[in-house]
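Participant: As you go down the protein sequences, you meet chains A and B in turn. Using this note's numbering, you'd call the opening residue of the first sequence number 38 and step up by one each time. Using this note's numbering, you'd call the opening residue of the second sequence number 38 and step up by one each time.
2 protein chains.
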Amino acid sequence: MVEPLNLPDLDSASDRAVFRQVADHLRDAIDRGQLGQGDKVPSEAQLMQHYGVARMTIRNALQVLQSEGLTVAEHGRGVFVRSHPPVRRLASDRFARRHRDQGKAAFIAETEGAGGKPTVDSIEIAELSPSPAIAERLGLTTDDRVAVRARRYLINGQPVETATSYVPAEIARGTRIMEPDSGPGGIYARIEEQGYRLDRFVEEVKSRMPLRSEARALKLAPGVPVFHLVRTAYATDGTPVEVCDTVMSSDAYVLSYELPAR
Amino acid sequence: MVEPLNLPDLDSASDRAVFRQVADHLRDAIDRGQLGQGDKVPSEAQLMQHYGVARMTIRNALQVLQSEGLTVAEHGRGVFVRSHPPVRRLASDRFARRHRDQGKAAFIAETEGAGGKPTVDSIEIAELSPSPAIAERLGLTTDDRVAVRARRYLINGQPVETATSYVPAEIARGTRIMEPDSGPGGIYARIEEQGYRLDRFVEEVKSRMPLRSEARALKLAPGVPVFHLVRTAYATDGTPVEVCDTVMSSDAYVLSYELPAR
DNA sequence: ACAAGCAACTCCTCTAGTCGAGTAGACGCC
DNA sequence: GGCGTCTACTCGACTAGAGGAGTTGCTTGT
Numbered sequence: 038m039v040e041p042l043n044l045p046d047l048d049s050a051s052d053r054a055v056f057r058q059v060a061d062h063l064r065d066a067i068d069r070g071q072l073g074q075g076d077k078v079p080s081e082a083q084l085m086q087h088y089g090v091a092r093m094t095i096r097n098a099l100q101v102l103q104s105e106g107l108t109v110a111e112h113g114r115g116v117f118v119r120s121h122p123p124v125r126r127l128a129s130d131r132f133a134r135r136h137r138d139q140g141k142a143a144f145i146a147e148t149e150g151a152g153g154k155p156t157v158d159s160i161e162i163a164e165l166s167p168s169p170a171i172a173e174r175l176g177l178t179t180d181d182r183v184a185v186r187a188r189r190y191l192i193n194g195q196p197v198e199t200a201t202s203y204v205p206a207e208i209a210r211g212t213r214i215m216e217p218d219s220g221p222g223g224i225y226a227r228i229e230e231q232g233y234r235l236d237r238f239v240e241e242v243k244s245r246m247p248l249r250s251e252a253r254a255l256k257l258a259p260g261v262p263v264f265h266l267v268r269t270a271y272a273t274d275g276t277p278v279e280v281c282d283t284v285m286s287s288d289a290y291v292l293s294y295e296l297p298a299r
Numbered sequence: 038m039v040e041p042l043n044l045p046d047l048d049s050a051s052d053r054a055v056f057r058q059v060a061d062h063l064r065d066a067i068d069r070g071q072l073g074q075g076d077k078v079p080s081e082a083q084l085m086q087h088y089g090v091a092r093m094t095i096r097n098a099l100q101v102l103q104s105e106g107l108t109v110a111e112h113g114r115g116v117f118v119r120s121h122p123p124v125r126r127l128a129s130d131r132f133a134r135r136h137r138d139q140g141k142a143a144f145i146a147e148t149e150g151a152g153g154k155p156t157v158d159s160i161e162i163a164e165l166s167p168s169p170a171i172a173e174r175l176g177l178t179t180d181d182r183v184a185v186r187a188r189r190y191l192i193n194g195q196p197v198e199t200a201t202s203y204v205p206a207e208i209a210r211g212t213r214i215m216e217p218d219s220g221p222g223g224i225y226a227r228i229e230e231q232g233y234r235l236d237r238f239v240e241e242v243k244s245r246m247p248l249r250s251e252a253r254a255l256k257l258a259p260g261v262p263v264f265h266l267v268r269t270a271y272a273t274d275g276t277p278v279e280v281c282d283t284v285m286s287s288d289a290y291v292l293s294y295e296l297p298a299r
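1) What first and last residue would you give for the beta strand (DSSP E) that runs through residue 169 of chain B?
2) Quick check: residue 109 of chain A and residue 78 of chain A, are their CB atoms within less than 7 angstroms of each other?
3) I'd like to know if the region 161-181 of chain B and the region 257-265 of chain B are in contact, where contact means that at least 3 CB-CB pairs between them fall below 8 angstroms.
4) Given that residue 291 of chain B touches chain A, what residues does it touch there, using C-beta distances under 8 angstroms?
5) Count the other C-beta atoms from every protein chain shown that fall within 10 angstroms of the C-beta of residue 218 of chain A, then say buried if there are 16 or more, exposed otherwise.
6) Candidates B/113, B/159, B/205, B/190: which alpha carbon is nearest residue 180 of chain B's?
7) How would you label residue 53 of chain B, buried or exposed, when you count the other beta carbons within 10 angstroms and need 16 or more for buried?
8) Please classify residue 93 of chain A: is it buried, with 16 or more other beta-carbons within 10 angstroms of its beta-carbon, or exposed?
9) Let me make sure I understand the geometry here. Which of A/199, A/230, A/201 has the alpha-carbon closest to that of residue 305 of chain A?
10) Kindly say whether residue 272 of chain B, judged by its beta-carbon, lies nearer than 7 angstroms to any beta-carbon of chain A.
11) Which of the three DSSP states is assigned to residue 222 of chain B in this structure?
12) Does the Cβ-Cβ distance between residue 267 of chain A and residue 288 of chain A come in under 7 angstroms?
13) Specify the secondary structure class of residue 136 of chain A as computed by DSSP and reduced to three states.
14) Can you tell me whether DSSP reads residue 216 of chain A as helix, strand or coil?
15) What are the start and end residues of the alpha helix (DSSP H) that includes residue 149 of chain B?
16) Could you tell me whether the Cβ of residue 296 of chain A comes closer than 7 angstroms to any Cβ of chain B?
17) Bridge partners of residue 237 of chain B, per DSSP?
18) At a CB distance below 8 angstroms, what residues from the region 84-110 of chain A approach chain B? Give them in sequence order.
19) Note down, in chain order, every chain A residue with its Cβ under 7 angstroms from the Cβ of residue 237 of chain B.
20) Which same chain residues end up closer than 8 angstroms to residue 104 of chain A when comparing Cβ atoms and leaving out the 5 residues on each side of it in sequence?
21) So, does the region 191-204 of chain A touch the region 144-159 of chain A, judging by three or more C-beta pairs under 8 angstroms?
22) Any C-beta of chain A sitting closer than 7 angstroms to the C-beta of residue 262 of chain B?
23) Once the 5 residues before and after residue 106 of chain A are set aside, which same chain residues still bring their CB inside 8 angstroms of it?
24) Closer than 7 angstroms by C-beta to residue 60 of chain B: which residues in its own chain qualify, once you throw out the five before and the five after it? Chain order, please.
25) Please decide whether residue 39 of chain B counts as near chain A, where near means a Cβ-Cβ distance under 7 angstroms.
26) Grab me the residues of residue 67 of chain B's own chain with a C-beta within less than 7 angstroms of its C-beta, minus the 5 sequence neighbours each way, in chain order.
27) Using a C-beta cutoff of 7 angstroms, does residue 287 of chain B count as contacting chain A?
28) Return the CA-CA distance between residue 251 of chain A and residue 290 of chain A, expressed in angstroms with no decimal places.
29) Kindly indicate which three-state DSSP category residue 105 of chain B falls into: helix, strand or coil?
30) Mind checking if residue 56 of chain A is an interface residue toward chain B, Cβ cutoff 7 angstroms exclusive?
31) Considering only the alpha carbon of each residue, which of A/248, A/203, A/236 lies closest to residue 224 of chain A?
32) So residue 238 of chain A and residue 272 of chain A are supposed to be a Cβ contact under 8 angstroms. How far apart are they, rounded?
33) Beta-carbon within less than 6 angstroms of residue 161 of chain B's beta-carbon, same chain only, minus the 5 sequence neighbours each way: which residues are those?
34) Examine chain A for any beta-carbon lying closer than 7 angstroms to the beta-carbon of residue 129 of chain B, and answer yes or no.
35) Assign residue 40 of chain A to one of three DSSP states: helix, strand, or coil.
36) Does the beta carbon of residue 132 of chain A come closer than 7 angstroms to any beta carbon on chain B?
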């Protein structure tokens, strides 16, 4: 036994369920740094022995921690304290023209600025009729047509975000918006070239647990919620010109917004 | 048997775990509306019989749904499809002076506007030294003093949000900021009366699973993440005058922000 | 008519095992 | 050295029970 199980005993006087007490002990150890990121949690067998309880009880305790996003189990290896990816801070001026004028899309510029290696992945482009929600935001009907651009963003090979943009087909047709490489400055630059001057974005933020498909696409650990952003871009005349639907791993991001007091 | 268990059989050819298949069937039934909000999910015993599997297998399946936030178990009564509270939309102009000038605090004005009955609860007020994070945001040191105002907001008796404000003691002392009823227009009005004109707020948004204490205070169902906002208020001269730390049930809110394209 | 009591039904916690499959290190063979 | 095999250890899935506690509704006695 290399590893001293520095855990308290059960409090048999307490009416707190045994598996919760075990979970509490381990959570404390993680909070106090006694178990650091990436460290191996004692195995089920060790914990069974230490506490003198059945395996299912220990598994319940570990399940609690896992669903809190504190640990990850790896089949055949053990249970480990989850390590958190570096946090990216998204500022509310990230779509400001002065950034776009550098000729780089927002994501690329940001990531390189932070010293990461950005990649864009599995780009899918189509032209089809919008869902009612998208149609409403773009001021269209479900009989109109929109260009759809779906892609996944990665940093150092790790997926962090999926995004789907919807642009009225009127605007997108014949531009590089319909091509995998949308050109310098990204699709916002292309939209402005079509004679629309971007004025403002409205971003709606929700938080929820991921769907199964999202958890797969973003390689999310269990117990990690996602941010779901729906951003609508408006031209100076008030016309909506793009809707972008984004799902992001919530533990990789802090969103930052500036609100006026005026 | 009043209730026909309209669920498929197991696919024994599939290598998908049995408890996951059961969870999939129930999730489908919920998604398709076959089981609506508040409906009772078949009992563990019924599901055991239907699928011909052990109790723990069924419980695992139900655990999956619960941790996805789709169901709630009630001891002695059954498992029910979760019903979602009405969603509140927080606009980015919610702290604009024109709203404050009505003489109401942001929360009260908003909630009444949406036809709900707002309450504020368990107000705690103290003067103490700030944590390093708060001190940094306020441009103070941990030896300085701040006024702390913690409260919980409810709508129709249902808790939706806890908030803690930190104001430099220099500003707060001798004002109604230190009293349970901070007066018309709330603490922002009091701060402006002290000669600081509010200019802008910077709001940082995180999403994560709640701590145990937060889940209790907000009466959160399992599997529901929280928004964690930290908002700093700046006066026109750039001085930070308040930090507000807010935890909100994520399924009760959509945050909406306006971003400049300029 | 009413209340008390009881039974049935619900989920909660826990025990004690089996079999399976992935991982990693030790070992021996080539 | 390089390669495969063996084995011990890990978690994953599942079975088959036990007693407990909260809820609901029926039965029964007054």
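All C-beta atoms in this analysis are idealised placements derived from N, C-alpha and C, irrespective of residue type, glycine included.
Facilitator: To lay it out plainly:
1) In the second sequence, counting from the first residue as 1, residue 169 of chain B sits at position 132. Looking at the DSSP string, residue 169 of chain B is not in any beta strand (DSSP E); the run it does join, the alpha helix (DSSP H), is 169-175.
2) Taking the first sequence and counting its residues from 1, one reaches residue 109 of chain A at position 72. Taking the first sequence and counting its residues from 1, one reaches residue 78 of chain A at position 41. It is not a contact, given that the beta carbons lie outside the stated cut-off.
3) no
4) The residue you call residue 291 of chain B lines up with position 254 of the second sequence. Neighbours of residue 291 of chain B on chain A, chain order: 241, 242, 243.
5) Within the first sequence, numbered from 1, the residue matching residue 218 of chain A stands at position 181. Flag for residue 218 of chain A reads exposed.
6) Start at 1 with the first residue of the second sequence, and residue 180 of chain B comes out as number 143. Looking at the Cα atoms, B/205 is the closest of the given residues.
7) Taking the first residue of the second sequence as 1, we reach residue 53 of chain B at position 16. Counting Cβ neighbours within 10 Å, residue 53 of chain B comes out exposed, since fewer than 16 surround it.
8) Translated into the one-based positions of the first sequence, residue 93 of chain A becomes position 56. Flag for residue 93 of chain A reads exposed.
9) Outside the displayed span of chain A (38 to 299) sits residue 305 of chain A, for which this structure offers no information.
10) One-based indexing of the second sequence puts residue 272 of chain B at position 235. Answer no: the Cβ-Cβ gap between residue 272 of chain B and chain A never drops below 7 angstroms.
11) As a working note, residue 222 of chain B is residue 185 in the second sequence. Coil, per DSSP.
12) Along the first sequence, one-based indexing puts residue 267 of chain A at 230. Along the first sequence, one-based indexing puts residue 288 of chain A at 251. Not a contact, by the Cβ cut-off of 7 angstroms.
13) Numbered from 1 along the first sequence, position 99 holds the residue referred to as residue 136 of chain A. Three-state result, residue 136 of chain A: helix.
14) Here residue 216 of chain A refers to the residue found at position 179 of the first sequence. Three-state result, residue 216 of chain A: coil.
15) One-based indexing of the second sequence puts residue 149 of chain B at position 112. Here the alpha helix (DSSP H) through residue 149 of chain B covers 143-150.
16) Against the first sequence, residue 296 of chain A aligns to sequence position 259. At least one chain B Cβ lies under 7 angstroms of residue 296 of chain A.
17) Position 200 of the second sequence, counted from the first residue, corresponds to residue 237 of chain B. Paired residue(s): A/297, B/271.
18) 93, 100, 104, 105, 106
19) For the purposes of this step, residue 237 of chain B is taken as residue 200 along the second sequence, with counting starting at 1. Here the neighbours are 295, 296, 297, 298.
20) Translated into positions along the first sequence, residue 104 of chain A becomes position 67. 259, 260, listed in sequence order.
21) yes
22) Indexing the second sequence from 1 puts residue 262 of chain B at position 225. Yes, because at least one Cβ of chain A sits closer than 7 angstroms to the Cβ of residue 262 of chain B.
23) For the purposes of this step, residue 106 of chain A is identified with residue 69 of the first sequence, where counting begins at 1. 119, 258, 259, 260, 261, 288.
24) Along the second sequence, read from residue 1 onward, the residue named residue 60 of chain B stands at position 23. 98, 101, 102, listed in sequence order.
25) In the second sequence, residue 39 of chain B corresponds to position 2, counting from 1. Unreliable positioning characterises residue 39 of chain B in this predicted model, as indicated by a pLDDT of 39, which lies under 50. A coordinate reading is not provided.
26) By one-based count along the second sequence, residue 67 of chain B stands at place 30. 107, 118, listed in sequence order.
27) Counting from one through the second sequence, the residue named residue 287 of chain B turns up at place 250. Closer than 7 angstroms: yes.
28) Here residue 251 of chain A corresponds to residue number 214 of the first sequence, with the count starting at 1. Here residue 290 of chain A corresponds to residue number 253 of the first sequence, with the count starting at 1. The alpha-carbon atoms of residue 251 of chain A and residue 290 of chain A are separated by roughly 16 angstroms.
29) Along the second sequence, one-based indexing puts residue 105 of chain B at 68. Here residue 105 of chain B sits in coil by DSSP.
30) One-based indexing of the first sequence puts residue 56 of chain A at position 19. Not an interface residue.
31) Along the first sequence, read from residue 1 onward, the residue named residue 224 of chain A stands at position 187. The shortest C-alpha separation from residue 224 of chain A is found at A/203.
32) One-based indexing of the first sequence puts residue 238 of chain A at position 201. One-based indexing of the first sequence puts residue 272 of chain A at position 235. Not a contact, Cβ separation roughly 11 angstroms.
33) Looking up residue 161 of chain B in the second sequence gives position 124. 187.
34) Residue mapping note: residue 129 of chain B aligns to position 92 of the second sequence, counting from 1. By this cut-off, residue 129 of chain B is an interface position.
35) For the purposes of this step, residue 40 of chain A is taken as the residue at position 3 of the first sequence. Confidence at residue 40 of chain A is low in this model, with a pLDDT of 45, below 50, so its placement is unreliable and the value that follows should be read with caution. Looking at residue 40 of chain A - three-state DSSP - the assignment turns out to be coil, as it is neither helix nor strand.
36) For this step, residue 132 of chain A is matched to residue 95 along the first sequence. Cβ-Cβ to chain B under 7 angstroms: yes for residue 132 of chain A.
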